[in-house]
Amino acid sequence: MVTADHLALVFFSFAVGFALFSMLLLLLRKRRWCTCHVCRAYLSSSWAAEFDNLCDWHAHLLRESPTGTIHVHVLGSTITANPTNVEYMLKTRFDNFPKGKGFSALLGDLLGDGIFNVDGDSWRFQRKMASLALGSISVRSYALGIVSSEISRKLLPLLSSVADRRDGVVDLQDVFRRFAFDTICKISFGLDRSCLERSMPMSEFAAAFDAASKLLARRGMATASMLWKLKRLFNVGSERKLRRAIRKINMLAEDIIRQRRRLGFTSGHDLLSRFMCLVDDDDKFLRDIVISFLLAGRDAVASGLTSFFLLLSQNPYTAAAMRDEIAGVIKDGNEDTVNYEQLKEMHYVHAVLYESLRLFPPVQFDSKFCLEDDVLPDGTFVSKNTRVTYHPYAMGRMESIWGPDCREFKPERWLRGGVFTPANLFNYPVFQAGQRVCLGKELALEEMKAVVVSVVSKFDVEVLQGAQPLKFDVGLTATINGGVSARVSRRS
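Every letter in the sequence shown is one number past the one before it in my numbering, and letter 492, counting from 1, is 472.
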């Protein structure tokens, strides 16, 4: 006998089935279809048979393109390595190429309304605040003091202990991530997390941050955004993992804000204290500020340092030339750290750092969304709501920009009469360019230079890569899959 309960169950099952079927139809309608060779290779991942990394495939396609621009139709994306296009996006028509709602939706769960994820008045306010802080000589002096302290008290003793072990092997990427995390916590928040003093496995926060970075990057690679949005709605699969990771990140951010309030912020030199003096009653806003600083200070700096030592290990002549310059500037070889004036004198060291960032930029590509139909300087038509991506990784490998030796590691290309000479920012948008140029650029460069000068002076670092190809993890910043094992030994 059919009861009311049975009828209700049948009706409920039908309703759920109909809803899922409707969502599937919507997903299929939203999905972009294309049969061009680029889109076929992307959808089938057949590019992986020839290239180790997606960014290397992009670089190949962009080199083959007469305009230095390609389309990936299934992503609704235009990708360019043409400097004139980059200048057009980031300067000439800046207002027509904002981050856009599409980008904000992709990264909003992690970055919220932080400076890297917003446009308009909110972006201008945060940029003005960050500019006042990061442009201050006193803040940069304060930051370099912290970096020097972290190097002498933690990084160098850690590397010494590794060198004294029988095998002398360590994961450089892990070491630099911990160092950069500790440093940014002190500079940005005035707090000491002491990651380097813990056991070597990643902390729960670092693992959560890495997981969130990977999962958000995969969102951006999806050909149908409706799929991840449905998974988020039902809290299943990768979106469930992402929610758990962000919950842990939020706990850390809340702890940082709570500690900063407890210690006081009215006279603090750190960046968070400066923001709290103006906006202390909005914890959501402060949380977004904290996450933005962590992303820039931890991941980008660690990525830059890791690739630097990877390249230096492959180029012993460069390492020897660096040591000669360092010895000529630092008369007392027993010093652990360097000061600002000494760093300014090291033109060759600066060139080596810029060259490593040219080949391995921490942010391999960056996207904007086209607000209204437009035409790029190379003649490419870009329709409204198209994602337009400029590609620093590929640009570092373009003969049209750097000449036939573009894929060689050649620091001398940055020197004119022994003096460092920067390139046009739109040829080298490693730190972005135009109105969104990275405000922390000089601070990050000083931190990385201070580290490499101190480490190169006292240690030989041999990366144990062997014949293995370099493979990057999926993520918001360049992370080498499996880490970077290196043998560390003391220099006599």
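Glycine included, every Cβ here is placed at the ideal spot set by N, Cα and C.
Model, not experiment: these values are computed from the prediction.
What's the gap between the Cα of L266 and the Cα of L356? Residue mapping note: residue 266 aligns to position 286 of the sequence shown, counting from 1. Residue mapping note: residue 356 aligns to position 376 of the sequence shown, counting from 1. Between L266 and L356, the C-alpha separation is close to 37 Å.
According to DSSP, simplified to helix, strand and coil, what is A204? Residue 204 sits at position 224 when you count from the first residue of the sequence shown. Coil at A204, not helix or strand.
At least 3 beta-carbon pairs within less than 8 Å: the segment 153 to 160 vs the segment 127 to 139: Yes: at least three Cβ pairs fall under 8 Å.
For the beta strand (DSSP E) containing K166, name the first residue and the last one. Against the sequence shown, residue 166 aligns to sequence position 186. First-last for K166: L152 to F169, but that is the alpha helix (DSSP H), not the beta strand (DSSP E).
Which runs of the beta strand (DSSP E) spanning at least 3 residues fall entirely within the segment 15 to 52, listed in chain order? Those beta strand (DSSP E) runs which fall completely within the segment 15 to 52 and span 3+ residues are 49 to 52.
Beta-carbon separation of Y473 and W382 under 8 Å? Examination of residue 473 is not possible in this model, given that the chain is present from -19 through 472 alone.
Please state whether DSSP places Q106 in a helix, a strand or coil. Here residue 106 is taken as the residue at index 126 of the sequence shown, counted from 1. Reduced to three states, the DSSP call for Q106 is helix.
In whole angstroms, what separates the C-alpha of G244 from that of M109? Along the sequence shown, read from residue 1 onward, the residue named residue 244 stands at position 264. Along the sequence shown, read from residue 1 onward, the residue named residue 109 stands at position 129. CA-CA distance, G244 to M109, rounds to 19 Å.
Assign T15 to buried or exposed, taking buried as 16 or more other Cβ atoms, counted over all protein chains shown, within 10 Å of its Cβ. As a first step, residue 15 is located in the sequence shown; it is residue number 35 there, counting from the start. T15 is exposed by the Cβ-count criterion.
Opposite S465 in the DSSP bridges: which residues? Translated into positions along the sequence shown, residue 465 becomes position 485. Bridge partners of S465: D151.
Would DSSP call R198 helix, strand or coil? Working through the sequence shown from its first residue, we reach residue 198 at position 218. DSSP places R198 in helix when its eight states are reduced to three.
Considering just the uninterrupted stretch of the alpha helix (DSSP H) at T58, what are its terminal residues? If you number the sequence shown from 1, residue 58 lands on position 78. Where T58 is concerned, there is no enclosing alpha helix (DSSP H), although the beta strand (DSSP E) it sits in stretches over S57 to T60.
So S168 and L252 are in contact, right, with Cβ under 8 Å, and what is the actual spacing, rounded? Position 188 of the sequence shown, counted from the first residue, corresponds to residue 168. Position 272 of the sequence shown, counted from the first residue, corresponds to residue 252. S168 to L252, Cβ: 6 Å. Contact.
Between L90, L171 and E219, which lies nearest to Q239 when the distance is taken from Cα to Cα? For the purposes of this step, residue 239 is taken as the residue at position 259 of the sequence shown. The shortest Cα separation from Q239 among L90, L171 and E219 belongs to L171.
Any idea what DSSP makes of R254, helix, strand or coil? As a working mapping, residue 254 is identified with position 274 in the sequence shown. Reduced to three states, the DSSP call for R254 is helix.
Which whole-angstrom value describes the C-beta separation of V373 and Q344, a residue pair presumed to lie in contact below a C-beta threshold of 8 Å? If you number the sequence shown from 1, residue 373 lands on position 393. If you number the sequence shown from 1, residue 344 lands on position 364. It should be pointed out that residue 373 corresponds to Tyr in this sequence rather than to Val. About 4 Å separates the two Cβ atoms, so the contact holds.
Using a 10 Å radius around the Cβ and a threshold of 16 neighbouring Cβ atoms, would you call D474 buried or exposed? In the structure as shown, the chain starts at -19 and stops at 472, and residue 474 therefore has no counterpart that could be examined.
Tell me which residue opens and which closes the alpha helix (DSSP H) that E67 is part of. The residue labelled residue 67 in the question sits at position 87 within the sequence shown. From DSSP, the alpha helix (DSSP H) with E67 extends over P63 to E67.
In the DSSP output, what is R367 paired with across the bridge? The sequence position of residue 367 within the sequence shown is 387, counting from 1. S57 and F349.
From the DSSP output, in three-state form, read off F273 for me. For this step, residue 273 is matched to residue 293 along the sequence shown. Helix at F273.
Within its chain, find whatever has a CB closer than 8 Å to the CB of I271; leave out the 5 residues flanking it on each side and keep chain order. Position 291 of the sequence shown, counted from the start, is the residue given in the question as residue 271. If we look at I271 and ignore the five residues flanking it on each side, its Cβ neighbours are L90, L91, G92, G94, I229 and A233.
Using three-state DSSP, classify I226 as helix, strand or coil. Your numbering for residue 226 matches position 246 in the sequence shown. Three-state DSSP puts I226 in a helix.
Got a sec, what are the start and stop residues for the beta strand (DSSP E) E477 sits in? Given a span of -19 to 472 for the chain in the structure shown, any question on residue 477 remains unanswerable.
Is there contact here, the segment 446 to 465 with the segment 187 to 196, by at least three beta-carbon pairs under 8 Å? Flag = yes, the segment 446 to 465 and the segment 187 to 196 touch.
Euclidean distance between Cα positions of V98 and F105: Working through the sequence shown from its first residue, we reach residue 98 at position 118. Working through the sequence shown from its first residue, we reach residue 105 at position 125. Distance between the alpha carbons of V98 and F105: 11 Å.
Close-in-space but distant-in-sequence residues of the same chain around R198 (CB under 7 Å, 5 per side omitted): In the sequence shown, residue 198 corresponds to position 218, counting from 1. Only residues of its own chain outside the window of five on either side were considered, and among them S218 and V454 have a CB closer than 7 Å to the CB of R198, listed in chain order.
Give the DSSP-derived three-state secondary structure of I460 in the structure shown. Counting from one through the sequence shown, the residue named residue 460 turns up at place 480. In this structure, I460 counts as strand in the three-state DSSP scheme.
For L87, the nearest candidate out of S293, M378, L222 and G414 (CA to CA): As a first step, residue 87 is located in the sequence shown; it is residue number 107 there, counting from the start. It is L222.
If we count the other Cβ atoms within 10 Å of its Cβ and call it buried at 16 or more, is T60 buried or exposed? Locating residue 60 in the sequence shown gives position 80, where the first residue counts as 1. Around the Cβ of T60, a 10 Å sphere holds 16 or more other Cβ atoms; the residue is buried.
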